[in-house]
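One point on numbering: in numbering that gives the first Met the number 0, the residue at position 45 of the sequence shown is 44, and numbering is uninterrupted.
The C-beta atom is built at its ideal place from N, Cα and C for all residues, glycine as well.
Worksheet for the structure shown next.
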Amino acid sequence: MTNLMDRREVLGATSRAAATCLLGSGGAEAELASGNLTVHVLDLYSGTPAKGVKVELFMRRGEQLTALKSVVTDTDGRSGTLLAGDAFAAGRYLLAVDLSDYFKSADETLPANFYRKLSMEFEVTDVTLPVQIPLQCTPWTQACSVLPG
0 MTNLMDRREV LGATSRAAAT CLLGSGGAEA ELASGNLTVH VLDLYSGTPA
50 KGVKVELFMR RGEQLTALKS VVTDTDGRSG TLLAGDAFAA GRYLLAVDLS
100 DYFKSADETL PANFYRKLSM EFEVTDVTLP VQIPLQCTPW TQACSVLPG
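Rendered as structure tokens:
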């Protein structure tokens, strides 16, 4: 009988091995001691990273949402680290990405946005893994996922 591994175990082991190879053995272990949470917004309409998009992060406890952080994406469409270390705790999170003004400033000829604010709720169970949330968007569509590890 074979010993089956959980998908998260495989992803975690693979990410740690890849980071160790890329970063070398010295700093990788300290950096991998705890995970982090980042967001990357890509504008598929213009084919560029989405600079200047407001990203808000909340933690859900029952029906209550607690605001944790609000940032604006940089020139690469990245949020920077939203949570890391002791602040990155297991639990349910809600991410809200405000596209309402972004597409209007990118192209004034666009009609009013259908997607004003996108939100997604996800759960972090293993805080030792990095979590990246890539969002691909156009004025009419969006695709978002949570990539642990």
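query = What is the residue span of the beta strand (DSSP E) that residue 100 lies within?
reply = Premise fails: residue 100 lies in the alpha helix (DSSP H), 99-105, not in any beta strand (DSSP E).
task = Figure out for me which residue from 117, 38 and 65 has the closest Cα to the Cα of residue 97.
result = 117
request  = Grab the span of the beta strand (DSSP E) containing residue 65 for me, first residue to last.
outcome  = 63-71
key: residue 115 - containing beta strand (DSSP E), residue span   = Here residue 115 belongs to no beta strand (DSSP E), and DSSP marks it neither H nor E.
Reference residue 79; option with closest CA among 68, 125, 106 and 137 = Considering only alpha carbons, the answer is 68.
task = For residue 95, write down the residues that DSSP places opposite it in a beta bridge.
result = 55 and 118
query = Hey, quick one: how far does the beta strand (DSSP E) through residue 78 stretch, first residue to last?
reply = 77-83
task = Examine the Cβ distances between the region 121-128 and the region 62-76 and report whether three or more of them are shorter than 8 Å.
result = Inter-segment contact for the region 121-128 and the region 62-76 is absent: fewer than three beta-carbon pairs are separated by less than 8 Å.
task = Within 10 angstroms of the Cβ of residue 89, are there 16 or more other Cβ atoms? Answer buried if so, exposed if not.
result = exposed
query = Between the C-alpha atoms of residue 115 and residue 50, what's the straight-line distance to the nearest angstrom?
reply = One C-alpha to the other measures close to 16 Å.
task = Below 6 Å CB to CB, which residues in the same chain sit around residue 84 once its five sequence neighbours on both sides are set aside?
result = 33
task = Verify whether the separation of the beta carbon atoms of residue 42 and residue 137 is less than 9 Å.
result = yes
ask   = How is the beta strand (DSSP E) around residue 40 delimited, first residue to last?
value = 35-42
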